[in-house]
Amino acid sequence: MSPAAAEERWSGSTLDSWRDLVLTDERRELAETVRRHLAGGFPLEAVRGCFDAGSQPEGAWAAVSGAEYPSIGLPESAGGLGTLVDTAALLEAAAEVLVPAPLLATVMSLQTLSRAGVLPLEPARPAALAVADGPVAGRLVVLDGVLAERLTVVVPRERGVTVAQFDTAHLGPAEDHRHVDPSRPVAVFDAGEAPPLSHADDPRALDAVLAPARTAVAADLTGTAAGALDRAVRHALDREQFGRKIGAFQAVKHRLADVYIAVERARSLTRAAAVALAGPSASSGTELSLLAKAAASEAAVDASRALVQVLGAMGMTFESDAHLFFRRAQQTAPFLGSAAVCYRRAAVARRGVPA
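The working numbering puts the sequence shown at residues 164 to 518.
Written out as structure tokens, the structure reads:
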């Protein structure tokens with residue numbers, strides 16, 4: 164297939180869509196501003212403090228909501244600005260510094276509601292997203308849901324999908340579930356039936372309505388992977404063994420090169436998904452969001468493992484920051500489908516039949 168034919172199949176648009184995969188100066192500035200803001204206000208010491216406090220730092224949500232980060236990528240009619248491409252750049256930058264606030268969870272909830280055509284949206288309130296196994300009843304395991312005031316629930320039906328929302332105050336206190344990463348805690352809610360806000364009868368609607376949320380998770384995981392890789396590379400350039408920087412050894416170079424390729428693959432797929440979903444024809448974005456989520460899950464887990472490996476014995480200690488990236492990757496990667504599940508659903512989506 165020629166590059167022109169491949170592009171037409173991918174987006175049905177012009178070459179400008181491919182150029183959108185490279186961040187504009189404004190988006191690079193946005194990402195750098197977010198990175199500096201969150202790294203300065205909530206350094207890794209604050210993430211580490213979550214282990215002692217058992218909760219996210221006080222003021223973390225106020226910092227991200229006060230900067231109106233959750234509004235980025237929402238429609239102007241909902242008080243937002245920019246597109247999902249801006250959202251992805253924001254989330255990747257925030258994840259590089261492991262921001263200990265429910266930013267990703269809130270963005271996933273808002274993007275899902277927006278995708279389902281639900282208005283108004285409330286970006287100033289912390290929220291979370293869950294996907295039910297069946298009818299909305301029983302226990303829902305929610306990523307980063309401890310502080311959530313609103314819970315968006317996507318309910319798969321036999322032929323379609325329903326989107327519902329709960330006020331968590333009516334569900335009782337969230338059960339703080341045992342989790343790997345206390346800076347992104349898992350909550351368990353006992354939910355009952357809720358009036359549906361949106362319903363679609365298309366059997367392919369589940370992956371379509373979750374596509375923006377999957378792209379958001381992919382951006383977050385890509386940022387986690389990039390942050391781990393950056394620290395691994397810096398250590399390899401500084402650490403000396405046998406009279407040489409360890410980065411000069413072929414085994415280390417090859418390991419980090421493989422991780423770099425995985426990170427760039429995840430980043431490219433995530434941006435491609437965001438561009439497709441932000442465009443006039445978002446159908447290709449569903450498949451791309453599944454591929455992006457799969458690639459980013461693999462990249463985050465592999466990069467965090469590589470960080471531990473390059474650090475050597477230090478990487479196995481609690482005092483090292485390596486386990487913070489490893490925990491974040493392990494906690495987030497399974498959400499909205501493991502890599503294997505997302506690859507399978509992407510293959511089915513390409514054939515044009517429901518998964």
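From the three backbone atoms N, C-alpha and C, an ideal C-beta is built for every residue, glycine too.
Original post:
Is Q328 helix, strand or coil by DSSP?
Top reply: By 1-based counting over the sequence shown, the position of residue 328 is 165. Three-state DSSP puts Q328 in a strand.
**OP:** Determine the closest residue to S228 out of D215, F214, H200, with distance taken between C-alpha atoms.
**Re:** Counted from its first residue, the sequence shown places residue 228 at position 65. For S228, the nearest C-alpha among the options comes from H200.
Original post:
Could you give the distance in angstroms between the alpha-carbon of K416 and the alpha-carbon of H486?
Top reply: Here residue 416 refers to the residue found at position 253 of the sequence shown. Here residue 486 refers to the residue found at position 323 of the sequence shown. Computed Cα separation, rounded: 22 angstroms.
Original post:
Within 10 angstroms of its Cβ, does I424 collect 16 or more other Cβ (buried), or is it exposed?
Top reply: One-based indexing of the sequence shown puts residue 424 at position 261. When all chains shown are included, I424 counts as exposed.
Subject >> Beta-carbon gap between L254 and D383 smaller than 8 angstroms >> reply: The residue you call residue 254 lines up with position 91 of the sequence shown. The residue you call residue 383 lines up with position 220 of the sequence shown. Cβ atoms of L254 and D383: closer than 8 angstroms.
Original post:
Would DSSP call S277 helix, strand or coil?
Top reply: Taking the first residue of the sequence shown as 1, we reach residue 277 at position 114. Three-state result, S277: helix.
Subject >> Distance between P443 and G212 (C-alpha atoms, nearest Å) >> reply: Position 49 of the sequence shown, counted from the first residue, corresponds to residue 212. Position 280 of the sequence shown, counted from the first residue, corresponds to residue 443. Each residue's alpha carbon lies about 44 angstroms from the other.
Original post:
Any idea what DSSP makes of T480, helix, strand or coil?
Top reply: One-based indexing of the sequence shown puts residue 480 at position 317. Coil, per DSSP.
Subject >> Under the three-state DSSP convention, the category P319 falls into >> reply: Residue mapping note: residue 319 aligns to position 156 of the sequence shown, counting from 1. Reduced to three states, the DSSP call for P319 is strand.
**OP:** Report yes if the C-beta distance between V511 and Q493 is below 8 angstroms; otherwise report no.
**Re:** In the sequence shown, counting from the first residue as 1, residue 511 sits at position 348. In the sequence shown, counting from the first residue as 1, residue 493 sits at position 330. Contact: no.
**OP:** Return yes when the Cβ of P233 is within less than 8 angstroms of the Cβ of T275, no when it is not.
**Re:** To locate residue 275, count along the sequence shown from 1; it is residue 112. To locate residue 233, count along the sequence shown from 1; it is residue 70. In this structure, P233 does not lie closer than 8 angstroms to T275 by Cβ.
Subject >> Contact under 8 angstroms by Cβ, A378 with V426 >> reply: Here residue 378 refers to the residue found at position 215 of the sequence shown. Here residue 426 refers to the residue found at position 263 of the sequence shown. The residue you asked about is not Ala; residue 378 is Thr in the sequence shown. Contact flag unset, no.
Original post:
Identify the residues that DSSP records as bridge partners of F488: which are they?
Top reply: Working through the sequence shown from its first residue, we reach residue 488 at position 325. DSSP, once it has assigned bridges, lists no residue as partnering F488.
**OP:** Please classify R172: does DSSP put it in a helix, a strand, or coil?
**Re:** For this step, residue 172 is matched to residue 9 along the sequence shown. Any reading at R172 needs caution, since the residue's pLDDT is 44, under 50, leaving its predicted position unreliable; the model's value is listed next. R172: helix per DSSP, three-state reduction.
Original post:
With a Cβ-Cβ cutoff of 8 angstroms, do R508 and L453 count as a contact?
Top reply: Taking the first residue of the sequence shown as 1, we reach residue 508 at position 345. Taking the first residue of the sequence shown as 1, we reach residue 453 at position 290. Yes, they are a contact pair.
Subject >> N- and C-terminal bounds of the beta strand (DSSP E) containing V294 >> reply: Residue numbering aside, residue 294 sits at position 131 when the sequence shown is read from its first letter. Looking at the DSSP string, the run of the beta strand (DSSP E) that includes V294 is 290-294.
Original post:
So A388 and A429 are in contact, right, with Cβ under 8 angstroms, and what is the actual spacing, rounded?
Top reply: Counted from its first residue, the sequence shown places residue 388 at position 225. Counted from its first residue, the sequence shown places residue 429 at position 266. The pair is a contact, with the Cβ atoms about 6 angstroms apart (cut-off 8 angstroms).
Original post:
For D353, which three-state DSSP category applies?
Top reply: Reading the sequence shown from its first residue, position 190 is the one you call residue 353. Residue state, collapsed to three classes: strand.
Original post:
For L186 versus L237, is the C-beta spacing smaller than 8 angstroms?
Top reply: Taking the sequence shown and counting its residues from 1, one reaches residue 186 at position 23. Taking the sequence shown and counting its residues from 1, one reaches residue 237 at position 74. Not closer than 8 angstroms, so no.
Subject >> alpha helix (DSSP H) segments (min. 4 residues) lying fully within the region 198-224 >> reply: 207-216
**OP:** Confirm, please, whether the CB-CB distance from V316 to A293 is below 8 angstroms.
**Re:** The residue you call residue 293 lines up with position 130 of the sequence shown. The residue you call residue 316 lines up with position 153 of the sequence shown. Yes, the pair counts as a contact, with Cβ atoms nearer than the cut-off.
Subject >> Whole-Å CB distance - D353 paired with L334, under 8 angstroms assumed >> reply: On the sequence shown, position 190 is the one that residue 353 refers to. On the sequence shown, position 171 is the one that residue 334 refers to. Indeed, because the Cβ distance is near 6 angstroms, the residues count as touching under 8 angstroms.
Original post:
In terms of alpha-carbon separation, which member of G222, L499, E231, Q219 lies closest to V380?
Top reply: Taking the first residue of the sequence shown as 1, we reach residue 380 at position 217. The shortest C-alpha separation from V380 is found at L499.
**OP:** Counting only the same chain and skipping the five closest in sequence on each side, list residues whose C-beta sits under 6 angstroms from that of S467.
**Re:** Walking along the sequence shown from the start, residue 467 turns up at place 304. Only A391, F488, F489, A492 meet the Cβ criterion.
Subject >> Residue closest to S277, alpha-carbon to alpha-carbon, out of E192, T480, A374 >> reply: Taking the first residue of the sequence shown as position 1, residue 277 is located at position 114. Ranking E192, T480, A374 by Cα distance to S277 puts A374 first.
Original post:
Measuring CA to CA, which of A225, M477, D307, G478 is closest to G123?
Top reply: The question about residue 123 has no answer, for the chain in this structure spans 164 to 518.
Original post:
From A287, E321, L207, pick the residue whose C-alpha is nearest to that of A295; which is it?
Top reply: For the purposes of this step, residue 295 is taken as residue 132 along the sequence shown, with counting starting at 1. When each option's Cα is compared against that of A295, the closest is E321.
**OP:** Determine the burial state of M271: buried for a count of at least 16 other Cβ atoms within 10 Å of its Cβ, exposed for fewer.
**Re:** Position 108 of the sequence shown, counted from the start, is the residue given in the question as residue 271. Buried, by the Cβ-count rule.
**OP:** Determine which residues share a DSSP beta bridge with P359 and list them.
**Re:** As a working mapping, residue 359 is identified with position 196 in the sequence shown. In the DSSP output, where bridge partners are listed per residue, P359 has A327.
Subject >> Rounded straight-line distance, which links the Cα of V473 to that of F412 >> reply: Position 249 of the sequence shown, counting from 1, holds the residue named residue 412. Position 310 of the sequence shown, counting from 1, holds the residue named residue 473. Going by the C-alpha atoms only, they are around 11 angstroms apart.
Subject >> Rounded C-alpha distance that separates L400 from E195 >> reply: Position 237 of the sequence shown, counted from the start, is the residue given in the question as residue 400. Position 32 of the sequence shown, counted from the start, is the residue given in the question as residue 195. Distance between the alpha carbons of L400 and E195 is about 23 angstroms.
Subject >> Below-8 angstroms beta-carbon distance, R288 vs any chain C residue >> reply: Absent from the structure: chain C. Only one protein chain is present.
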